[in-house]
Amino acid sequence: MNQFFTRLDKALERLYVWAGAAAAMFLVLVGVCVLTSILSRLFDIYVAGVNAYSGYAMAASSFLALAHTFREGGHIRVALVRSKLAPTAKFWLEIWCLLVATAMSSYLAYYLVYLAWISWKFEEKSEGAAATLLWWPQSIVAIGAIIFAVSVFHGLIRVMVRRDPDAASAAPTALTAK
Amino acid sequence: MAGIALTLIFLLVLFTLLGSGVWIGISLLAVAWVGMELFTTRMVGDSMALTIWSASSSWTLTALPLFIWMGEILFRTKLSENLFKGLQPWLHGLPGGLLHVNITGSAIFAAICGSSAATVLTVGKMAVPELKRRNYPENMIIGTLAGAGTLGLLIPPSIILIIYGVTVNESIVKLFIAGVIPGIMLALLFMGYVAVWDLLGGRKDRTDTASYTMSDRFRSLGQLAPILLLILSIMGSIAFGYATATEAAVLGVVGAFAISWQQGHLTRESFISSLMGATRTSCMIAFILAGSAFLTLAMGFTGLPRAVAEWIAHMQLTPAMLIAVLAIFYIVLGCFLDGISSIVLTMAVVEPIARQAGFDMIWFGVFLTIVVEIAQITPPIGFNLFVLQGMTGRDMDFIAKAALPMFALMVLAVVIISVFPGIATWLPSKM
Numbered sequence: 001m002n003q004f005f006t007r008l009d010k011a012l013e014r015l016y017v018w019a020g021a022a023a024a025m026f027l028v029l030v031g032v033c034v035l036t037s038i039l040s041r042l043f044d045i046y047v048a049g050v051n052a053y054s055g056y057a058m059a060a061s062s063f064l065a066l067a068h069t070f071r072e073g074g075h076i077r078v079a080l081v082r083s084k085l086a087p088t089a090k091f092w093l094e095i096w097c098l099l100v101a102t103a104m105s106s107y108l109a110y111y112l113v114y115l116a117w118i119s120w121k122f123e124e125k126s127e128g129a130a131a132t133l134l135w136w137p138q139s140i141v142a143i144g145a146i147i148f149a150v151s152v153f154h155g156l157i158r159v160m161v162r163r164d165p166d167a168a169s170a171a172p173t174a175l176t177a178k
Numbered sequence: 179m180a181g182i183a184l185t186l187i188f189l190l191v192l193f194t195l196l197g198s199g200v201w202i203g204i205s206l207l208a209v210a211w212v213g214m215e216l217f218t219t220r221m222v223g224d225s226m227a228l229t230i231w232s233a234s235s236s237w238t239l240t241a242l243p244l245f246i247w248m249g250e251i252l253f254r255t256k257l258s259e260n261l262f263k264g265l266q267p268w269l270h271g272l273p274g275g276l277l278h279v280n281i282t283g284s285a286i287f288a289a290i291c292g293s294s295a296a297t298v299l300t301v302g303k304m305a306v307p308e309l310k311r312r313n314y315p316e317n318m319i320i321g322t323l324a325g326a327g328t329l330g331l332l333i334p335p336s337i338i339l340i341i342y343g344v345t346v347n348e349s350i351v352k353l354f355i356a357g358v359i360p361g362i363m364l365a366l367l368f369m370g371y372v373a374v375w376d377l378l379g380g381r382k383d384r385t386d387t388a389s390y391t392m393s394d395r396f397r398s399l400g401q402l403a404p405i406l407l408l409i410l411s412i413m414g415s416i417a418f419g420y421a422t423a424t425e426a427a428v429l430g431v432v433g434a435f436a437i438s439w440q441q442g443h444l445t446r447e448s449f450i451s452s453l454m455g456a457t458r459t460s461c462m463i464a465f466i467l468a469g470s471a472f473l474t475l476a477m478g479f480t481g482l483p484r485a486v487a488e489w490i491a492h493m494q495l496t497p498a499m500l501i502a503v504l505a506i507f508y509i510v511l512g513c514f515l516d517g518i519s520s521i522v523l524t525m526a527v528v529e530p531i532a533r534q535a536g537f538d539m540i541w542f543g544v545f546l547t548i549v550v551e552i553a554q555i556t557p558p559i560g561f562n563l564f565v566l567q568g569m570t571g572r573d574m575d576f577i578a579k580a581a582l583p584m585f586a587l588m589v590l591a592v593v594i595i596s597v598f599p600g601i602a603t604w605l606p607s608k609m
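And the structure:
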């Protein structure tokens, strides 16, 4: 049983990193889209909807990176109270933060899945030249939101099991916390 | 009456969540959710998903990760060394000597990177030990670096100005152009202070007696040329309308790769770590922006922005008083929140106030950025101070005191651009 959980812990950890890597590729795709629009303008070739695609890639990148960023301590928070507390109080405060975060991230994931499902059901298309089927990018965003919700809940369990308030998310460094 | 009670609950939830250390993006979502449940009968979850989807997939936002990536790439080159060696021969003879390297170095790095923590880190990495070795007083080294580091927020490309532009729907290009002159003005104020300090007896036991000939100076330009070229092409393409902010950002990424390759720093590891760093930072910001888009929607239903705007209008403050009130508000807020969060959190309420008062929104963006910059060097949450603390090992009191004159100069800058708004609005109006 214990071994199962250790494996699950490791597997989830890998999932966040993979999602983060996918997010990074979408960020590169944002750059490629914009580069394409510059080049197509220079050479007078018409490429439909590049701007819309770069927006979708941006959304996909942001959401797929949520879990990885969370694990690395990249999401900012007000640490004023937290940093001054005794270990026990800090532990309970972290539990509270993670409960709120688990609730909100699951709520967000649920409705983003629902949004993608509605778009799929009614075959909604984007306005403008691209006329992409919206469920396509929306489901990537929804998957990112699900992984994020899982990572937050995972963090909650970790903090409780290890009784370590810093087990959910790495402490932010000066550079990530600007 | 019920309205006031609900509003109080709403604010209480906001402060409890933020204060207890719930991640800011999550707090914004939760507060907005509470607001929607209290004030409307709408389907909350559906509105949330739709709002967040449109906010996150907007094309204007794409400039953000690209500029961040550019900064991350250049951060991993030997830029700090180049800046120091390239600027040293030019600034050495000025009163105040090499302290000017801190300021001009920051201004230059600010023009390729939108983050003030990264600016402090990059410039300070080389300058702090070098200046210490030459017996410059430590409070001046730290103070100038803390102050000038904030230029990263103002001199384009600025992450804060992109976020402001996206939030209030103003042209990012115009905001960028508007930040140029106030940024240079602020740098000159810092330099003037250093010069005056030195002329009034600051020299003493400094040990930098090297002298430079004119040919030394021009040779040193070689160190600076690639970076200056990159800045000029980014700013030029934006200013003359050849490229949008996003397109200029892509050119910046390409240019940054070229510089990193030319210096032999472009490896598989540096590529991956710069890309992952950019992915995480832009994810963090995009998440806050998504939360704030939902919060803005919820705020609209609460009626709070309109009530506050009417209340402010009712008080019949003069524009000068309103500016003063807002400046103090943001500096106090900045004691608890970082710049990005304090802007996105308040814009739903402050934007109608600013528009009603008839402020030019481009000017207001520059004003807001300087005020938020001031908060970067104000304890207890001043990120520049934290970075400097990590770098020098001095305690927070010493660092905050060293930064105090810079704080005063930045307040002076706010007064100057309020009295002469043209400093910010003239250049964009010429476009």
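Protein chains in written order, with the working numbering: chain A, 1 to 178; chain B, 179 to 609.
The C-beta atom is built at its ideal place from N, Cα and C for all residues, glycine as well.
Using only the alpha-carbon positions, how far apart do residue i and residue j sit?
i: residue 378 of chain B; j: residue 313 of chain B; result: 18 angstroms
i: residue 636 of chain B; j: residue 393 of chain B; result: Lying outside 179 to 609, the shown extent of chain B, residue 636 of chain B is not represented and no answer is given.
i: residue 186 of chain B; j: residue 477 of chain B; result: 13 angstroms
i: residue 618 of chain B; j: residue 252 of chain B; result: Nothing about residue 618 of chain B can be read from this structure; chain B reaches only from 179 to 609.
i: residue 177 of chain A; j: residue 243 of chain B; result: Low local confidence applies: a pLDDT of 34 at residue 177 of chain A is under 50, so the model's placement there is unreliable, with the coordinate-based value given in what follows. Those two C-alpha atoms are separated by around 16 angstroms.
i: residue 11 of chain A; j: residue 515 of chain B; result: 35 angstroms
i: residue 166 of chain A; j: residue 159 of chain A; result: 7 angstroms
i: residue 175 of chain A; j: residue 544 of chain B; result: Caution is warranted here: a pLDDT of 36 is assigned to residue 175 of chain A, below 50, making its placement in the model unreliable, and the coordinate value is therefore given only provisionally. Going by the C-alpha atoms only, they are around 24 angstroms apart.
i: residue 301 of chain B; j: residue 229 of chain B; result: 40 angstroms
i: residue 233 of chain B; j: residue 390 of chain B; result: 54 angstroms
i: residue 337 of chain B; j: residue 315 of chain B; result: 32 angstroms
i: residue 141 of chain A; j: residue 63 of chain A; result: 5 angstroms
i: residue 7 of chain A; j: residue 30 of chain A; result: 35 angstroms
i: residue 108 of chain A; j: residue 226 of chain B; result: 8 angstroms
i: residue 278 of chain B; j: residue 363 of chain B; result: 14 angstroms
i: residue 173 of chain A; j: residue 570 of chain B; result: With a pLDDT of 43 at residue 173 of chain A, under the threshold of 50, the predicted position of this residue should be treated as unreliable, though the coordinate-derived value follows. C-alpha separation (whole angstroms): 16 angstroms.
i: residue 537 of chain B; j: residue 41 of chain A; result: 36 angstroms
i: residue 207 of chain B; j: residue 105 of chain A; result: 9 angstroms
i: residue 161 of chain A; j: residue 560 of chain B; result: 34 angstroms
i: residue 2 of chain A; j: residue 449 of chain B; result: 38 angstroms
i: residue 508 of chain B; j: residue 487 of chain B; result: 17 angstroms
i: residue 513 of chain B; j: residue 79 of chain A; result: 12 angstroms
Compare the Cα-Cα distances from residue i to each of the options and report the closest residue.
i: residue 593 of chain B; options: B:552, B:520, B:434; result: B:552
i: residue 471 of chain B; options: B:565, B:556, B:298, B:347; result: B:347
i: residue 144 of chain A; options: B:322, B:291, B:360, B:231; result: B:231
i: residue 527 of chain B; options: B:439, B:555, B:508, B:482; result: B:482
i: residue 237 of chain B; options: A:62, A:60, A:55; result: A:55
i: residue 224 of chain B; options: B:487, B:507, B:475; result: B:475
i: residue 298 of chain B; options: B:310, B:325, B:276; result: B:325
i: residue 606 of chain B; options: B:418, B:507, B:524, B:217; result: B:418
i: residue 282 of chain B; options: B:366, B:221, B:246; result: B:366
i: residue 461 of chain B; options: B:188, B:202, B:182, B:190; result: B:202
i: residue 320 of chain B; options: B:577, B:486, B:353; result: B:577
i: residue 491 of chain B; options: B:525, B:533, B:211; result: B:533
i: residue 600 of chain B; options: B:563, B:541, B:209, B:554; result: B:541
Do residue i and residue j have their C-beta atoms within less than 8 angstroms of each other?
i: residue 289 of chain B; j: residue 333 of chain B; result: yes
i: residue 401 of chain B; j: residue 280 of chain B; result: no
i: residue 75 of chain A; j: residue 19 of chain A; result: no
i: residue 428 of chain B; j: residue 35 of chain A; result: yes
i: residue 591 of chain B; j: residue 360 of chain B; result: yes
i: residue 293 of chain B; j: residue 328 of chain B; result: no
i: residue 309 of chain B; j: residue 257 of chain B; result: no
i: residue 368 of chain B; j: residue 322 of chain B; result: yes
i: residue 458 of chain B; j: residue 72 of chain A; result: yes
i: residue 286 of chain B; j: residue 518 of chain B; result: no
i: residue 124 of chain A; j: residue 134 of chain A; result: yes
Can you name the residues that DSSP bridges to residue i?
i: residue 125 of chain A; result: A:133
Residues of chain B with a CB under 8 angstroms from the CB of residue i: which are they?
i: residue 31 of chain A; result: 244, 247, 428, 431
i: residue 133 of chain A; result: Those do not exist, as residue 133 of chain A stays about 14 angstroms from chain B at its closest Cβ, beyond 8 angstroms.
i: residue 104 of chain A; result: 204, 207, 208, 211
List the residues of chain A that residue i touches, going by C-beta distances under 9 angstroms, in chain order.
i: residue 456 of chain B; result: 24, 27
i: residue 451 of chain B; result: Under the 9 angstroms cutoff, chain A gives no residues; its nearest Cβ is about 11 angstroms from residue 451 of chain B.
i: residue 290 of chain B; result: Going along chain A, no residue has its Cβ under 9 angstroms from residue 290 of chain B, so there is no contact; the nearest lies around 16 angstroms.
Report the neighbours of residue i on chain A: residues whose CB is nearer than 7 angstroms to its CB, in chain order.
i: residue 464 of chain B; result: 62
Starting from the beta carbon of residue i, find every residue of chain B whose beta carbon is closer than 9 angstroms, and list them in chain order.
i: residue 88 of chain A; result: Correct list: empty, because the minimum Cβ distance to chain B is about 15 angstroms.
What in chain A is Cβ-close to residue i, meaning under 8 angstroms?
i: residue 231 of chain B; result: 59, 112, 115, 138, 141
i: residue 514 of chain B; result: 78, 80
Show which residues of chain B have a CB atom less than 7 angstroms away from the CB atom of residue i.
i: residue 123 of chain A; result: Ordered by position in chain B, no residue passes the 7 angstroms Cβ test against residue 123 of chain A, which lies about 17 angstroms from the chain.
i: residue 75 of chain A; result: 201, 203, 462, 465
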